[in-house]
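In the working numbering, the protein residues as written are 16 to 667.
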Amino acid sequence: MKFKDTRRRLLACASLAAMLVNTAAPVAFARDHRSGDDDTYTRTPIKHLIVIIGENRSFDHVFATYKPRDGQTVSNLLSKGIINADGTPGPNYAMAAQMQASDTTTYSISPTITGPYATLPPVNTGGTPTTATDGSWPPFATLAYAAALDHGLLPRDIKLLTTGASGLPTGTIDTRIANVNALANGPFQLTPSLPYDAYASSPVHRFYQMWQQMDCSAAHASAANPSGCLNDLFPWVEVTIGAGNNGKSQPANFNNESTHEGATSMGFYNVQQGDVPYFNQLAHEYALSDNYHQGVIGGTGANHIMIGSADAFWYSDGHGNAAMPPQNQIENPDPQPNTNNWYTQDGYSGGTYSACADTTQPAVGSVVSYLQAMKVNPNCEPGHYYLLNNYNPGYFGDGSVDTTDTFTIPPSSTRTIADVLMEHKISWAYFGEGWNQYVANPHDPNDTYCNICNPFQYETAIMTNAEVRETHLKDAADLYETIEHGSLPAVSIVKPDGYNDGHPTSSKFDIFEGFVKKIVTELRQHPDLWESTAVLVTVDEGGGYWDSGYIQPVDYFGDGTRIPMLMISPWARGGRVVHDYYDHASIAKFIEANWNLPTISQRSRDNLPNPVARDDNAYVPTNGPAIGDLMGMFNFDRDHSDRGRGDDHRDR
């Protein structure tokens, strides 16, 4: 299964049938009456929610220079004076200065600062594709080959899968970026020297690395920034440990380019100069959140789990009992002897669990001490080793269990929002692009489905019930069919495949824009359906890109940086920018609020209150930890001008 940053899949070696009985009644989603015109079933006119999840971009990385409509304000690099509208350093550029640090004995989330960078470490190409080929991964050499493989884009956008190769070797300094060897110490504009349509490298975005990048300490706390997170160690973590080491020793002659990242994290796009055009258009027409956060510090798998469960999953014996994972899979970010921050055990095929209720475990004490100072409950249960990063789900698509692949979390008993929906007979579906091909052959090397992105594929209660699987786990192609036939379920979660998800290195953000455009375009051709639908567009996490926004400590697992979030609906028109504090648990909270449902469990984040904003700072809840329910993204009182309107040709 394709790990996000290595463009490969963790191939499962064998499967074992383990079909259990789930007593929850399966739900067919052919015009469920709760999706009809009777408003008594929902609190709002929204009868259908479509959640589209892309990959790995922070808010400032995408909307650094966004200028909202008159009467609206936004918190970004431009509004703070960190950069000017043309992307050059602004009067407050020093606010974004990045630091170097020393961590040579015991892991710390706020290591000793040794001074600022004079210039940033040069950005590296990493694994960026060098040339176009008609192979298993884009960019493809011919349009015909791309069109035969991909069905998630409008015909006019298929060409995006054929462009953007770097022309440079992998693992070298990215000379496409202007002044790459002498970048000022702060954020830098990627374009136009590196075109918006270009493939580019990916920053580190793992759990303990991001804790260090955020540099959170009670000693840093202020009235303006009560969490004390300075976000000033992003490049330092990139060049000292990067994406992890799998417990290996530090290579000889280690330097700032050895991790093949450099200061990749500090790059941003400029919407005022034509970058991110479709999302810029949507933001001006509908609603944009500038205070929506990745729910888990770190990467893809754990954040998709948070979207589905508003909680974290933990290692078990496969039957609902907590167990200890293999020793080499327990995180230990204490630095190896004679190194600066080169972790003892961490990496994509090892080191991904922590028993965060035990402060004697590696790294746990540093995080918990900070949370205690912030008066925040870590929400970790004794004896539970929680999944912090990316591991395969315990089930294949056909419900069989993977018993041989080492890097697979065992089947999970943790509840998800799907359980709540099924218990109340409300229709839902997870539309994962490439699902059908994956189910037919999970070992297919050309399969682009993201198994670690499906939060329901981890769960025993769903995967061991064939009728539930077949009813609710679908391919993205099925989404277009439900829109065409007017049988859209009440709740749809949509995940593009590896071609279209916008992940750096393996995809491009303009491709993700194209994936969203196809769904919105097809939806708007059905006025009755469009009238009752909200489309939420976000990404799983910031991907390790730097962001200037406030971060609220919620529990041991997060929050992390701000990420883009658009609400597209006739009930969210106006180009509003919403400052309420949200994270991935907000999706479950909206579903529960709109359909009058209980929370997922007693410990899940959807139990947290809605935020009460400070009078002097709309971004900081006074009652934290607090997570909003997205209702503030809508205006249900206004007369929206496109009510019942058909296709908007600007979306084509």
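Backbone N, C-alpha and C define an ideal beta-carbon position, used for all residues, glycine too.
Review point. Can you list, in chain order, the residues of its chain whose CB lies under 6 Å from that of A79, leaving out five sequence neighbours each side?
Key: If we look at A79 and ignore the five residues flanking it on each side, its Cβ neighbours are N91, L92, F283.
Exercise for review: Could you pull out every residue in the same chain whose Cβ sits closer than 8 Å to the Cβ of K343, ignoring the five residues on either side in sequence?
Suggested key: According to the sequence displayed, residue 343 carries Asn and not Lys. Contacts found: G262, Q360, G365, G366.
Point to revise | Buried versus exposed call for A476 [16 or more other C-beta atoms within 10 Å across all chains shown] | key: Burial call: buried.
Check your understanding: Which residues in the same chain have their Cβ closer than 8 Å to the Cβ of F651, if we skip the five residues on either side of it in sequence?
Key -> Closer than 8 Å at Cβ, skipping near neighbours: T59, P60, W586.
Check your understanding: Is there contact between the segment 305 to 321 and the segment 551 to 570, where contact requires at least three CB pairs shorter than 8 Å?
Key -> A contact exists between the segment 305 to 321 and the segment 551 to 570.
Point to revise | Cβ separation of G167 and A444, assumed to be a contact under 8 Å, to the nearest whole Å | key: A444 and G167 do not touch by the CB rule: their CB atoms are close to 16 Å apart, not below 8 Å.
Check your understanding: Apart from the five residues just before and just after N107, which ones in its own chain have a Cβ nearer than 8 Å to its Cβ?
Key -> Scanning its chain for C-beta atoms nearer than 8 Å, with the 5 sequence neighbours on each side dropped, one finds around N107 the residues K95, G96, I97, in chain order.
Point to revise | Alpha-carbon to alpha-carbon, K532 and D666 | key: With a pLDDT of only 31 at D666, under 50, the local geometry of the prediction cannot be trusted, and the value read off the model is given with reservation. The straight-line gap separating the alpha-carbon atoms of D666 and K532 is approximately 6 Å.
Practice item. Would you identify the three-state DSSP class for G508, choosing helix, strand or coil? Key: Note that residue 508 corresponds to Ile in the displayed sequence, not to Gly. Correct three-state label for I508: strand.
Check your understanding: Which residue's Cα is closest to the Cα of S117: V254, N99, V391, A233?
Key -> Among V254, N99, V391, A233, the Cα nearest to that of S117 belongs to V254.
Review point. When you compare only the Cα positions, how much space is there between R577 and P207?
Key: Using only the alpha carbons, I get a separation of about 24 Å.
Check your understanding: Roughly how many angstroms separate the alpha carbons of S369 and S442, rounded to a whole number?
Key -> When rounded, the distance between both Cα atoms is 35 Å.
Exercise for review: Name the one or two DSSP bridge partners that P698 has.
Suggested key: There is no way to answer for residue 698, as the model of the chain reaches only from 16 to 667.
Exercise for review: Give me the Cα-Cα distance between P640 and K174, rounded to the nearest whole angstrom.
Suggested key: P640 and K174: Cα-Cα distance of roughly 45 Å.
Review point. What is the rounded straight-line gap between the Cα of S216 and the Cα of I192?
Key: S216 and I192 have their C-alpha atoms roughly 12 Å apart.
Review point. Going by other Cβ atoms of all chains shown within 10 Å of its Cβ, with 16 needed for buried, is P458 buried or exposed?
Key: The amino acid at residue 458 is misidentified as Pro; the sequence shows His. So H458 counts as exposed.
Practice item. Determine, using beta-carbon pairs with one atom in the segment 516 to 536 and one in the segment 590 to 603, whether at least three such pairs fall under 8 Å. Key: Remark: fewer than three beta-carbon pairs, one from each stretch, lie closer than 8 Å, so the segment 516 to 536 and the segment 590 to 603 are not flagged as touching.
Point to revise | Continuous alpha helix (DSSP H) stretch holding Q452: start and end | key: DSSP places Q452 inside the alpha helix (DSSP H), whose first and last residues are 450 to 455.
Review point. Near L169, which residues of its chain fall below 8 Å by C-beta distance, leaving aside the five closest residues on each side in sequence?
Key: Non-local C-beta neighbours of L169 in its own chain, meaning closer than 8 Å and more than five positions away in sequence, comprise G529, K532, K533, T536, R667, ordered along the chain.
Check your understanding: Assuming V506 and L494 make a contact with CB atoms under 8 Å, what is their CB distance in whole Å?
Key -> About 12 Å; that fails the 8 Å criterion.
**Study point:** C-alpha distance - G257 paired with P218, whole-angstrom precision
**Key:** If you take the alpha carbons of G257 and P218, they lie about 8 Å apart.
Check your understanding: Does the beta-carbon of A317 have 16 or more other beta-carbons within 10 angstroms, so that it is buried, or is it exposed?
Key -> Answer is buried; the Cβ neighbour count reaches 16.
Exercise for review: For my contact list, K523 and Y214 are in at a C-beta cut-off of 8 Å; report their separation, rounded to the angstrom.
Suggested key: About 6 Å separates the two Cβ atoms, so the contact holds.
Exercise for review: Grab me the residues of P377's own chain with a C-beta within less than 6 Å of its C-beta, minus the 5 sequence neighbours each way, in chain order.
Suggested key: The answer, listed in chain order, is N347, D349.
Check your understanding: What is the rounded straight-line gap between the Cα of H76 and the Cα of T127?
Key -> Here the alpha carbon of H76 sits roughly 27 Å from the alpha carbon of T127.
Check your understanding: Which whole runs of the beta strand (DSSP E) in the segment 113 to 190 are 3 residues long or more, in chain order?
Key -> Here the runs fully enclosed are 114 to 117, 127 to 131.
Review point. Between P624 and the rest of its own chain, which residues show a CB-CB distance below 7 Å, the 5 nearest in sequence each way excluded?
Key: So the qualifying residues of the chain are N638, A641.
Practice item. Count the other CB atoms, across all protein chains shown, that sit within 10 Å of the CB of A238; report buried if there are 16 or more and exposed otherwise. Key: Exposed, by the Cβ-count rule.
**Study point:** C-beta contact flag for N246 and D230 at 8 Å
**Key:** Yes, the Cβ-Cβ distance between N246 and D230 is below 8 Å.
Point to revise | Given M341 as reference, the closest of S123, P511, D420, D512 once Cα atoms are compared | key: Just to set this straight, residue 341 is Pro in the shown sequence, not Met. Among S123, P511, D420, D512, the Cα nearest to that of P341 is on D420.
Review point. To which residues of the same chain is S656 closer than 8 Å at the C-beta, ignoring the five residues directly before and after it?
Key: Unreliable placement is indicated for S656, whose pLDDT of 46 sits below 50; no coordinate value is reported for it.
Check your understanding: When the distance is taken between beta carbons, is T429 closer than 8 Å to D570?
Key -> Taking 8 Å as the Cβ cut-off, D570 and T429 do not qualify as a contacting pair.
Review point. For Q265, which residues of its own chain have a beta-carbon under 6 Å away from its beta-carbon, when the five flanking residues on both sides are left out?
Key: Here the set comprises T354, W357.
**Study point:** Exposed unless 16 or more other CB atoms sit within 10 angstroms - verdict on A40
**Key:** Confidence in A40 is poor, its pLDDT being 34 and thus under 50, which makes the residue's placement too unreliable to answer from.
Review point. Once you ignore the five residues that flank W450 on each side, which residues in its own chain have a CB closer than 6 Å to its CB?
Key: Y464, D490, listed in sequence order.
Check your understanding: Grouping DSSP H, G and I as helix and E and B as strand, with all else coil, what is N347?
Key -> When DSSP states are grouped into helix, strand and coil, N347 belongs to the strand group.
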